[in-house]
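Residues 61 to 357 in UniProt numbering are what the sequence shown spells out, letter by letter. The block underneath contains the structure these notes are about, expressed in structure tokens.
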Amino acid sequence: THFGYETVTEGEKIERVAGVFTSVAESYDRMNDLMSFGWHRVWKDHFVASLNPGFSPLTAGPDPRGPQHILDVAGGTGDIAFRMLHTAHVLNSNPSVHVTISDINRAMLTVGKQRSAVLPASQQAALTFTEANAEDLTRTRPLHPYPSTAAEAASASEDQSFFAPSTATASIPSASLDLYTVAFGIRNFSNIPAALREAHRVLKPGGVFACLEFSKADKHPVFNSLYKEWSFRAIPLIGQLVAADRDSYQYLVESIERFPRQEDFRDMIVEAGFVVAGQGYEDLTGGVAAIHKGMKP
Ligand code: SAM
Numbered sequence: 061t062h063f064g065y066e067t068v069t070e071g072e073k074i075e076r077v078a079g080v081f082t083s084v085a086e087s088y089d090r091m092n093d094l095m096s097f098g099w100h101r102v103w104k105d106h107f108v109a110s111l112n113p114g115f116s117p118l119t120a121g122p123d124p125r126g127p128q129h130i131l132d133v134a135g136g137t138g139d140i141a142f143r144m145l146h147t148a149h150v151l152n153s154n155p156s157v158h159v160t161i162s163d164i165n166r167a168m169l170t171v172g173k174q175r176s177a178v179l180p181a182s183q184q185a186a187l188t189f190t191e192a193n194a195e196d197l198t199r200t201r202p203l204h205p206y207p208s209t210a211a212e213a214a215s216a217s218e219d220q221s222f223f224a225p226s227t228a229t230a231s232i233p234s235a236s237l238d239l240y241t242v243a244f245g246i247r248n249f250s251n252i253p254a255a256l257r258e259a260h261r262v263l264k265p266g267g268v269f270a271c272l273e274f275s276k277a278d279k280h281p282v283f284n285s286l287y288k289e290w291s292f293r294a295i296p297l298i299g300q301l302v303a304a305d306r307d308s309y310q311y312l313v314e315s316i317e318r319f320p321r322q323e324d325f326r327d328m329i330v331e332a333g334f335v336v337a338g339q340g341y342e343d344l345t346g347g348v349a350a351i352h353k354g355m356k357p
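If you want it as structure tokens, here you go:
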């Protein structure tokens, strides 16, 4: 059995999730396209457009609210953070938006750091990479990347300290952020209520929590049964054939199955102290994914 259906302790879950994402980091972006027929790009574009970072209704000039701080939690290889920067800096001509990508996994962040090298210098300057467990944002540390070139790897093997993660830790201050995003990350957390409480702590009053996550598509039974066939049969097989890693992709499918339905997750967000508008979520592609938002009063 895969650990999605076992009873595991929190510590065991953290370790196993780390194993999954370390082994999928290199193939992660390609696999996302294959598994979702490219839909994850459409969902991410829509998610970021709906948040419209950097938009100031008051002026086309410098943002009168001052610099905006966005934390992209479980940011992995940077898909959300890069879109945030593009929307804010380019589409909304607002360079005062800063994005921090945080993730528990150095391998994912290292791939993100490498990918960020093609961004314009001004966007790179507005981007920070941080290692952090979403359940405790009082202990974060700057990314200490894995070697990314053969030359770096050669010199790193002489100097073992290269591989040692930074020990300096810093706390994300309470009420310091304007926007907290988490995309396809929260279902992997061992303690989702703790992560929601941390999101609430770090946001300013009026700040927004926004989550994009796989969800339940069971409002349309025929579509749902096709979707289930695809998830449970095809995705682990594609994982095996393309990434030689059936188990990690089997885990991803099972973690989607176990994640609470839209209404239950909305109730958890409210329980953490957020207020939601209307039903509190938006279904995408029949509920295959959903966006939940809440505001810290
Ligand atoms: N947000 C990115 C995206 O949409 O492409 C990456 C999503 S990836 C499916 C999930 C990420 O969650 C992985 O990078 C994993 O390391 C991270 N993660 C899992 N548990 C975490 C935790 N407790 N705290 C922070 N990140 C976590």
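Even glycine gets a Cβ: it sits at the ideal position worked out from N, Cα and C.
Buried or exposed (CB count within 10 angstroms, at least 16 for buried), residue i
{"i": "Leu256", "result": "buried"}
{"i": "Arg90", "result": "exposed"}
{"i": "Leu297", "result": "exposed"}
{"i": "Glu191", "result": "buried"}
{"i": "Gly245", "result": "buried"}
{"i": "Phe97", "result": "exposed"}
{"i": "Val282", "result": "exposed"}
{"i": "Cys265", "result": "Just to set this straight, residue 265 is Pro in the shown sequence, not Cys. With fewer than 16 Cβ atoms within 10 Å of its Cβ, Pro265 is classed as exposed."}
{"i": "Asp93", "result": "exposed"}
{"i": "Leu272", "result": "buried"}
{"i": "Lys356", "result": "buried"}
{"i": "Leu301", "result": "exposed"}
{"i": "Asp238", "result": "buried"}
{"i": "Ala185", "result": "exposed"}
{"i": "Asp327", "result": "exposed"}
{"i": "Gly347", "result": "buried"}
{"i": "Leu111", "result": "buried"}
{"i": "Glu331", "result": "exposed"}
{"i": "Gln322", "result": "buried"}
{"i": "Pro180", "result": "exposed"}
{"i": "Thr147", "result": "buried"}
{"i": "Leu286", "result": "exposed"}
{"i": "Leu229", "result": "According to the sequence shown, residue 229 is Thr rather than Leu. By the neighbour-count rule (16 or more Cβ atoms within 10 Å), Thr229 is not buried but exposed."}
{"i": "Gly138", "result": "buried"}
{"i": "Gln128", "result": "buried"}
{"i": "Gly299", "result": "buried"}
{"i": "Val178", "result": "exposed"}
{"i": "Val335", "result": "exposed"}
{"i": "Glu289", "result": "exposed"}
beta-carbon residue i near ligand 1 non-hydrogen atom, thresh 8 Å
{"i": "His260", "result": "no"}
{"i": "Gly136", "result": "yes"}
{"i": "Lys104", "result": "yes"}
{"i": "Val242", "result": "yes"}
{"i": "Asp163", "result": "yes"}
{"i": "Phe249", "result": "yes"}
{"i": "Gly98", "result": "no"}
{"i": "Val133", "result": "yes"}
{"i": "Glu323", "result": "no"}
{"i": "Asp93", "result": "no"}
{"i": "Glu314", "result": "no"}
{"i": "Met168", "result": "yes"}
{"i": "Asp307", "result": "no"}
{"i": "Ile140", "result": "yes"}
{"i": "Tyr341", "result": "no"}
{"i": "Tyr88", "result": "yes"}
{"i": "Val77", "result": "yes"}
{"i": "Glu317", "result": "no"}
{"i": "Asn154", "result": "no"}
Endpoints, beta strand (DSSP E) assigned at residue i
{"i": "Pro357", "result": "Premise fails: Pro357 is in no beta strand (DSSP E) and is neither H nor E."}
{"i": "residue 360", "result": "This structure leaves residue 360 out entirely; the chain is present only between 61 and 357."}
{"i": "Glu342", "result": "Tyr341 to Leu344"}
{"i": "Glu192", "result": "For clarity, residue 192 is Ala in the given sequence; the question names Glu instead. Per DSSP, Ala192 belongs to the beta strand (DSSP E) from Leu187 to Asn193."}
{"i": "Pro233", "result": "Segment: none, Pro233 is in no beta strand (DSSP E) and carries neither H nor E."}
{"i": "Thr200", "result": "Asp196 to Pro202"}
beta-carbon residue i near ligand 2 non-hydrogen atom, thresh 8 Å
{"i": "Ala255", "result": "No copy of ligand 2 occurs in the structure displayed; its ligands are ligand 1 alone."}
Residue interval of the alpha helix (DSSP H) (run including residue i)
{"i": "Glu323", "result": "Gln322 to Glu331"}
{"i": "Ala243", "result": "Unbroken run through Ala243 is the beta strand (DSSP E), Leu237 to Ala243; no alpha helix (DSSP H)."}
Runs of 3 residues minimum, wholly inside the segment 92-178: which ones carry the beta strand (DSSP E) assignment? 128-133 and 157-163
Output the residue ranges of the alpha helix (DSSP H) runs that lie fully inside the segment 246-308 and measure 4 residues or longer, sorted by chain position. 252-262, 281-289 and 295-303
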